[in-house]
Every structure is written in C-alpha cells, then in structure tokens.
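Asker: The structure's right below; bear with me while I get my questions together.
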Amino acid sequence: MSLPQYIGRFAPSPTGPLHFGSLVCALASYLDAKKCNGTWLLRIEDLDPLRESIRHASTIQDQLDIHGLHWDGEILYQSNRLPHYQDIIEDLKQNNLAFDCDCNRKRVKELGGVYDGQCRNKIKFRGDVSTRLLVAKTEETKIFINDEVFGDYYQDVYRCVGDFILKRRDGFFSYQLASVVDDEKQQITHVVRGSDLLPVTPRQRYLQKCLNYRSLRYAHLPLVVNLDNQKLSKQRKAPALRNKDANKTIWHALNILHQKPPSYLFGAPLDQILSWAVWKWDISLVPTQNQCVINDISSRSAF
Ligand SMILES: [Zn+2]
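Numbering-wise (the working numbering), the sequence shown opens with residue -11 and increments by one.
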C-alpha cells in the first residue's frame, strides 16, 4: 500500500499583513510539504468580515510570492463556505451531536470555561443562541496527539473543555469548525502551525471523529516572541514584513527554526536559499522553546 500523498496548507486570517512570526509558520509548512514532494495549499480564513478585509488577503498573497512561497492550486476562502458550515451543523444536530445554547458569557465564565451541558435538552431560548458540540463523557474524548515537534500531547476534551462552540451567538462560525471542515474538504494530511494552537488540537481531533473525518499529522512550531516574551502578533502591532530583503528575512526565519542556514547564504538569491532549505529541512531540529527575535537582528533585517 502506498503512503498517502502529502497535502499541507497555510491558513492565515487576513486581519493584517503577515509579520515575521507568521512568515516563519508559512515557511515551515511550505518546506515540510516540499521536502515530501507534497502539495502546499493556501486557505484564507476570513470568517469574520468585521475584522478582516480583502485588501489584507491580497497583501498576504503578495508577501508570500515575494518571499518565494508559491502555493499550489486555487485559494480557498472561508467566506465562500458559510452555507456548507451551516449544513454540517444541521447534520450534527440531526445526530444529536450539537445543540443550541443561550447561556451568557458571564455564566460560562463562572463555570471556569468548561461548559456544563445545561442547554443540551433545552427547547425554549432567550435571545440569540450559539451552537455547541455535545461532548459526552466517554473514552472517545480522551485525545492523544503525537506532535512531530512537541511529541506526545494528551487532553481529555470532556474534562478540560466540555461542549464547545461551533457557531457563536453573533452568527459567526468558530475557528474549530471551519478549520476542521476545510482540512477535510482540502484533503489535508499534515498541519504545520504555531504552538498557540496545540491546546485546541484535541478538540479539533474530537470534532473530526464526530464527523467521521480522517485524522491528520500535526507539527506545532515555537512562537516567535519579542524581548518581553510576547508573541509577535497583529494585535501587538508587530511590524509588517518589508518586501525588500526577502532573502535575508527567509535566512533569519530558517535560523529561528534551527535549520542552521550557512552564513554564505545570507543575502544569496532567494531561489538558492529556498532550494537549500527544502533539501536540508529537518523538522526534528525545530526547537520547542519560544524563539526570541532580538532587536539587533530585527533592526538590520526586513521585519
Ligand atoms: Zn447553555
């Protein structure tokens, strides 16, 4: 039997241009796919049109192109998939695997974030409702992830999360639902992304099981942080990538991923650096500690 083909993806939310931290994730995901002669897809996770814009989605595509990270095939936009997500929710409800909930944020907070199932059998609701996945107490909720970077990761979704949100009361679909449904739609086999998403991976795996989807391979990457150990993020106004010196930025990203790029490649043509990086890519070298961007590097490079 032949091994399944490798299909990876990069799935940014277009809340702003890419910053250095998101480029590191894109690069690692790209290299892991290309090392395996795989396909690398781009998915724009534009679930929340209030915060996100077509302009940023187009900037992200330009930034990936300029950094030599060319994706395969058509781009999938989650904003085109809303009726499909709703169909999935209806199917889950039909199978008694999802239910509406009108508990307010304060009540859920008082529960310590682990939902207690109060609305599972409710018929009458007050105001807008959210939809939750029913996470019953079974052995199935005990999820083991064998992460390619972080190793074994265990979480009991029943005990640690409870019935979780698939659709928010404001009408937006949750990241968990859309991400799981689209990984299946795109036949993704490998997910390489930031370690801030490792704690939500077990609930995604549980949802995959409820929907009879395949399981995926995961690799979570250390976060790129600033000197105050804060994740670089759009919310913290991390500087956007400058297009100038894309080759040097890629060299720094390889260094952050502990791929040991040789100094002679610093400033070399982008094609040359990326060919070297695909040839030498070794995910076992990726560290599990958060990686700090030192001011000195960030000031003389392109991020
Ligand atoms: Zn409720």
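Ideal Cβ positions, reconstructed from N, Cα and C, are used throughout, including at glycine.
1) Taking Cβ to Cβ, would you say A145 is nearer than 8 angstroms to V123?
2) Can you tell me the Cα-Cα spacing of L154 and I238, whole angstroms?
3) Could you name the residues, in chain order, whose CB is less than 5 angstroms away from a heavy atom belonging to ligand 1?
4) Would the stretch 51 to 65 count as touching the stretch 83 to 101 if we require 3 or more Cβ pairs under 8 angstroms?
5) Sort V179, G105, P257 by Cα distance to C13 and report the nearest one.
6) In whole angstroms, what separates the C-alpha of E369 from that of H44?
7) Ordered along the chain, which non-local residues of its own chain (more than five positions away) have a Cβ less than 7 angstroms from that of S10?
8) Can you tell me the Cα-Cα spacing of P2 and R69, whole angstroms?
9) Could you name the residues of the same chain whose beta carbon sits closer than 6 angstroms to that of H208, not counting the 5 residues immediately before and after it, in chain order?
10) Tell me whether the beta-carbon of F8 lies closer than 8 angstroms to the beta-carbon of L165.
11) To the nearest angstrom, report how far apart V117 and I111 are at their CA atoms.
12) Suppose you measure from the CA of M(-11) to the CA of L273; what does that come to, to the nearest Å?
Answerer: In terms of the structure at hand:
1) It is worth fixing the name first, because residue 145 is Val in this sequence and not Ala. Yes.
2) 36 angstroms
3) C89, C91, Q106, C107
4) no
5) V179
6) Only positions -11 to 291 of the chain appear in this structure, which leaves residue 369 out of reach.
7) P0
8) 16 angstroms
9) D135, V137, F138, S183, L186
10) no
11) 12 angstroms
12) A caution first: M(-11) carries a pLDDT of 48, below 50, which makes its placement in the model unreliable, though a value can still be read off. Taking the straight line from one Cα to the other gives about 30 angstroms.
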